[in-house]
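Below: one structure, written as structure tokens.
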Amino acid sequence: MSTPDWPRRLLCLSLSVPVGTALACGPDFPMRLLDDRAQTLSELPEGNFGFEVNRLGEQLAGLKPTTEMTLTPYWDGDDNDRPYREQRRRIEADELPESLREKVAQLRALQDPQQVLEQGAELPDELRLYIAGAVAFDTDDHALAADYFAKVLALPAEQRKLRSTWAAYSLGRALMARSFEAGDDPQQTPQALQAQAREAFHQARTLSAEGFSDPLELGVASLGEEARLAKLAGDWNSAIQLYASQSRLGSGSGYSSLRQLADELVSLPDEQLKALLAQPMPRKLLTAYLLSHVGWDYDGQPPTQARRLPALLQASVGDKLEDADRLAALTYQQGNYAATRSYLQQAGDTGLAWWLRAKLALRDGDKTQAAAAYAKAAAAFPREESWGSRQTPDWDYESVKPGCRVEGEGAILALERGDYLQAFDLLYRSQEIYWQDTASVADRVLTLDELKGYVDAHVPAPPAPKVEEGGYVPRPVATQLRELLGRRLLREGRYEEAPGYFATPQLQADAKAYGQHRQDAVSRWTPTGRAEALYAAASLARSAGMEILGYEMAPDYAWLGGGYSLGNAEVKPGPFLAAGEVQRQRATEAKPDQRFHYRYVAADLANQAADQLPHSSQAFAAVLCTAAGWVPGSEQESALYRRYVQQGPFVQWAEDFGKQCEEPRFDQANKRYLTEKLDSVRTALRPYKAQVLPVGLVVLAGVAWAWMRRRKAKA
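Residue numbers (our numbering): 1 to 715.
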């Protein structure tokens, strides 16, 4: 058996309060689009701050996305630079030949740059000069450090392959440190030094992009350092652009810096904020902040200070509508639909713009136009675009890939107009994101032939997955859908077709055995043989029912391994749920429509097995006893016990009926057929014993007389 995917994604929130409302500890479940269809179609999910700010960054040629070599800053006691030094030591150990490693480590431990130059005479110039600069920097002689780093960069390019990027980045840091120490020298003002530092950081990026060694990914780090200087100079526009470019390359430092800038921006007095919003980057950063609901509370309310911001933002825009689709989304979230329509006139053909047009068309009651807009939105969104995870007001989680979400919303309209296969296809494209909705349509809305035709045409069996750490076996959505079909085939009596849709040899064997038992229960000649086949099918239904008979969603929730039940709401016509779909869902509901419905199926099969058995046999009592244990606490359990009391034989273990049962002995049941018939005749004639005995004697005498005459005649 394989482990479902869902437990890896569950979060447990342990919150308790002494008095009043408490939030229980339990898993978060994926949002289902079909649960509240009107709400799904009306809401626009909040954006993702990381995604939105990454859009603001530039694609810098030659700079590669960051790896684990870019460390996330953190505080480590009194020595925050320790992880950086350790990383540098590892890099130098890997980068330098063994003959130089010990010497470099020795030189770095010195306190005097001049000693570095003297004792490192055998080293290449770039290493000797760079280490001298590093020693000067560590002793806070930033002017001398800057001189040494500049000397590295003055070497011919072929002589500084290893330390060019390092030197430019370190030169920027040294100049920045000097700017904080600058005195009254008009040639070395803080502003002049910071301008030189920005040039050095820019040079570090250029050198990294040109292929000079950059194992520490200092080219990307230089973006954040230059952004810091831009912010100090009051250049918010450049600072945001640089941080966004750093974040776009995968740096967590760039992302966190933008969060801090956004928090600072929204805290400014209105007049200062208005002045900054005249610049494009602060305006776009504020749009990303508002669109992403940063800082909103659990009740879905923005922080108090943020409630004044949308009006300030809209007032600042004027005719500058390069982000009209984002502004349209923001006004839609606020319920200002007139402003949304106005912005959409200038929003172009982006996926977000078409998504909003679809929602406005639904508000106008034009479902045809909405369906067309959804199709255009799905085509416009890049398939890989992801807004990350969100938590809904109901505490469900959603992995928002807008292309999948708009197709899912389009599926709701397709269901309403009766295009069930199209709806299923739109949902299935989302794979695991909206698998629960896909499974609901597959199990309950499509006919069995529609589902089988789709799977056979579009969902081949995936290759066997590899077992991951801890014995976890991933289950692709294709596997889940094929097994859903296999279970449905078994439930609907198409036994021979089912086994091939199960993924593992064990499930295939169970499915084949279950189908064979059900067929044997019809084809065997003797009642005992039919009873034995029915009981075998019942036992398998009970032991492996979730895997071979269970519904993926309600009522069994095979998707969750049966570990949780998310309810089983009554299906009735409602918004975007038409009568035709309701009729289909009612026709395919579980029988009985209860959690673990296959247990009741198993008990019913065992009850049918009892129909084939002599009531006085041990097997009759045993199958009823076992079946009662499968459905404890139910009306079916009571009915099985009543039947045993009324019809079955006395057995010692019936005292704890349903809990301690013997295995049925079918081989002993056959002889009970004759004895049971004779017993019934004897019981029927007992009241007439006085009349029957003389008649019996007369009959015996007659038979004897006839036999004697026959012998005489032959003689």
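The beta-carbon is built from N, C-alpha and C at its ideal position, and this holds for glycine as well. Treat the numbers as computed from the prediction; the structure is a model and nothing was measured.
Distance between residue j and residue i (C-alpha atoms, nearest Å)
i, j, result
"Val467", "Ser245", "39 angstroms"
"Glu102", "Leu110", "13 angstroms"
"Leu56", "Gln345", "22 angstroms"
"Tyr169", "Ala200", "6 angstroms"
"Tyr472", "Asp141", "56 angstroms"
"Leu347", "Lys231", "The sequence given here places Ala at residue 347; Leu does not occur at that position. Cα to Cα, the separation comes out at about 31 angstroms."
"Ser440", "Pro460", "20 angstroms"
"Leu171", "Asn237", "24 angstroms"
"Cys625", "Pro393", "47 angstroms"
"Asn54", "Ala143", "36 angstroms"
"Trp395", "Ser389", "12 angstroms"
"Tyr74", "Thr139", "Low local confidence applies: a pLDDT of 46 at Tyr74 is under 50, so the model's placement there is unreliable, and no value is given."
"Leu268", "Arg259", "15 angstroms"
"Leu321", "Gln583", "48 angstroms"
"Gln647", "Val522", "24 angstroms"
"Asp28", "Ala378", "28 angstroms"
Within 8 angstroms, strictly: CB atoms of residue i and residue j
i, j, result
"Leu44", "Lys359", "yes"
"Tyr514", "Ala609", "no"
"Phe576", "Glu416", "yes"
"Leu549", "Tyr598", "yes"
"Leu286", "Leu313", "yes"
"Arg198", "Leu229", "yes"
"Ala742", "Glu662", "Residue coverage of the chain in this structure runs from 1 to 715, which leaves residue 742 outside it and unanswerable."
"Leu100", "Leu123", "yes"
"Thr447", "Gly250", "no"
"Asp437", "Gly418", "no"
"Asp112", "Leu155", "no"
"Gln194", "Ser179", "yes"
"Glu385", "Gly365", "no"
"Leu352", "Ala329", "yes"
"Tyr374", "Leu421", "no"
"Thr331", "Ala339", "yes"
"Tyr551", "Ala602", "no"
"Ser257", "Ala227", "yes"
Reduced DSSP secondary structure (H/G/I, E/B, other) of residue i
i, result
"Gly574", "strand"
"Pro718", "With the chain running from 1 to 715 in the structure shown, residue 718 is simply not present."
"Ser213", "coil"
"Ala30", "Residue 30 is actually Pro in this sequence, not Ala. Residue state, collapsed to three classes: strand."
"Lys399", "For clarity, residue 399 is Ser in the given sequence; the question names Lys instead. DSSP places Ser399 in strand when its eight states are reduced to three."
"Leu540", "helix"
"Glu450", "helix"
"Ser386", "coil"
"Val601", "helix"
"Thr165", "helix"
"Ser170", "helix"
"Leu362", "helix"
"Met708", "helix"
"Asn48", "coil"
"Ser292", "coil"
"His142", "helix"
"Trp435", "helix"
"Trp525", "coil"
"Leu56", "helix"
"Ser267", "helix"
"Leu286", "helix"
"His615", "coil"
Which listed residue (the options) has its alpha carbon closest to that of residue i
i, options, result
"Arg383", "Val406, Lys367, Arg341 and Gln391", "Val406"
"Trp166", "Glu122, Ala221 and Pro190", "Ala221"
"Leu273", "Leu242, Gln480, Tyr255 and Val317", "Val317"
"Val400", "Phe381, Ala174, Phe502 and Leu413", "Phe381"
"Met281", "Asp323, Gln114, Leu249 and Leu268", "Asp323"
"Ser213", "Gln159, Leu261 and Leu223", "Gln159"
"Pro527", "Gly574, Pro465, Met553 and Ala619", "Ala619"
"Leu613", "Arg390, Val104, Arg530 and Gly580", "Arg530"
"Asp425", "Ala411, Glu432 and Ile433", "Ala411"
"Glu46", "Gln119, Leu290, Leu207 and Leu63", "Leu290"
"Gln604", "Ser539, Gln668, Lys659 and Phe666", "The question names Gln, yet the displayed sequence has Asp at residue 604. Nearest of Ser539, Gln668, Lys659 and Phe666 to Asp604, Cα basis: Ser539."
"Pro463", "Ala503, Leu427 and Trp435", "Ala503"
"Ala457", "Arg444, Ala478 and Val445", "Ala478"
"Glu95", "Tyr148, His615 and Lys161", "Lys161"
"Lys659", "Ala121, Glu432 and Trp630", "Trp630"
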